[in-house]
Amino acid sequence: MKQWQKDLLTFEAGNEQEEKDLQAFQYAFTSFNDVLTRENPLAHMTVSAFVVNEARTHALMVYHNIYDSWAWTGGHADGEDDFLAVALREVQEETGIQARPVSEQPISIEQLTVLGHMKKGAYVSEHLHMNVTYLVEADDQLPLTICEDENSDVAWLPIAQLHEKCKELHMLPIYDKIINRL
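For the sequence shown, position 164 matches number 164 in UniProt numbering, and the numbering has no gaps at all.
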């Protein structure tokens with residue numbers, strides 16, 4: 001087992017969902033040769049950032065084109081095993097701003113189901129994202145930039161309004177879990 005896998009499996013689960021998802025991650029790590037890239041069509045690593053302002057009143061969210069919903073920033077590990085670096089890079093790519101980690105440890109892990117969809121003219125089969133989430137902070141006064149090939153909007157949303165804004169109902173318990181850990 002590689003060091004990044006050992007490090008991830010030492011994550012202290014905060015609830016039963018995370019305990020079960022860690023077990024699933026471990027199974028995938030021992031069953032598949034490569035979970036760091038999309039070459040594994042069944043399950044692969046993804047990284048997200050839950051971006052908050054300093055006051056912890058707003059979350060920086062993007063309106064995701066594929067999911068047709070407001071969502072956190074994030075993306076595929078694409079072979080990189082420094083997940084925090086991936087999270088910070090995704091924030092910058094999707095919003096145009098620099099963020100700083102609140103902690104170098106993940107705030108949350110989750111196994112996410114991705115439905116089949118079209119991406120860049122090709123069909124992507126349903127699969128699993130083994131996701132690692134970091135809490136990061138950014139200045140809510142900085143100008144934002146939309147990453148138009150992935151998103152149609154980017155905004156600081158009041159945390160209290162995420163249930164109203166997010167159309168991906170399965171994501172709400174995950175966002176709530178993270179918000180409760182702030």
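Even glycine gets a Cβ: it sits at the ideal position worked out from N, Cα and C.
I believe Val102 touches Val136 by the beta-carbon criterion, under 8 Å. Please report the beta-carbon distance rounded to the nearest angstrom.
Here residue 102 is taken as the residue at index 102 of the sequence shown, counted from 1. Here residue 136 is taken as the residue at index 136 of the sequence shown, counted from 1. About 6 Å separates the two Cβ atoms, so the contact holds.
Inspect the beta-carbon positions of residue 185 and Asn131 and report whether they are closer than 8 Å.
Residue 185 is absent from the model: the chain starts at 1 and stops at 182.
Check whether the segment 154 to 161 touches the segment 105 to 120, taking contact to mean three or more Cβ pairs, one atom from each stretch, closer than 8 Å.
Short answer: they don't touch.
Confirm, please, whether the CB-CB distance from Ala13 to Ala28 is below 8 Å.
Looking up residue 28 in the sequence shown gives position 28. Looking up residue 13 in the sequence shown gives position 13. Not in contact: Ala28 and Ala13 (Cβ atoms no closer than 8 Å).
Tell me which residues share the same chain as Ile66 and place their Cβ nearer than 6 Å to its Cβ, disregarding the 5 neighbours each side in the sequence.
Residue mapping note: residue 66 aligns to position 66 of the sequence shown, counting from 1. Contacts found: His117.
Given a cut-off of 8 Å on the beta-carbon distance, is the pair residue 222 and Val91 in contact?
Examination of residue 222 is not possible in this model, given that the chain is present from 1 through 182 alone.
How many Å lie between Ile97 and Ile178 at the Cα?
Here residue 97 refers to the residue found at position 97 when the sequence shown is read from its first residue. Here residue 178 refers to the residue found at position 178 when the sequence shown is read from its first residue. Between Ile97 and Ile178, the C-alpha separation is close to 21 Å.
Find out if the Cβ-Cβ distance for the pair Asn40, Phe50 is shorter than 8 Å.
For the purposes of this step, residue 40 is taken as the residue at position 40 of the sequence shown. For the purposes of this step, residue 50 is taken as the residue at position 50 of the sequence shown. In this structure, Phe50 does not lie closer than 8 Å to Asn40 by Cβ.
Mapping the DSSP letters down to three states, classify Asn151 as helix, strand or coil.
As a working mapping, residue 151 is identified with position 151 in the sequence shown. Reduced to three states, the DSSP call for Asn151 is strand.
Helix, strand or coil, according to DSSP, for Gln105 in the structure here?
Residue mapping note: residue 105 aligns to position 105 of the sequence shown, counting from 1. Reduced to three states, the DSSP call for Gln105 is coil.
Mark His64 as exposed unless 16 or more other C-beta atoms lie within 10 angstroms of its C-beta, in which case mark it buried.
Indexing the sequence shown from 1 puts residue 64 at position 64. The residue is buried, with at least 16 neighbouring Cβ atoms inside 10 Å.
Short of 6 Å in beta carbon distance, which residues of its chain neighbour Asp81, apart from the five on each side in sequence? Order them along the chain.
Here residue 81 corresponds to residue number 81 of the sequence shown, with the count starting at 1. For Asp81, where only same-chain residues beyond five positions count, the Cβ hits under 6 Å are Trp4.
Here's the rule I'm using: 16 or more other beta-carbon atoms within 10 Å means buried, otherwise exposed. How should Ala55 be labelled?
The residue given as residue 55 occupies position 55 in the sequence shown. The residue is exposed, with fewer than 16 neighbouring Cβ atoms inside 10 Å.
Could you spell out the range, first to last residue, of the alpha helix (DSSP H) harbouring Val86?
Taking the first residue of the sequence shown as position 1, residue 86 is located at position 86. Val86 -> alpha helix (DSSP H) spans Phe83 to Thr95.
Ordered along the chain, which non-local residues of its own chain (more than five positions away) have a Cβ less than 8 Å from that of His163?
Counting from one through the sequence shown, the residue named residue 163 turns up at place 163. So the list reads Leu172, once near-sequence residues are dropped.
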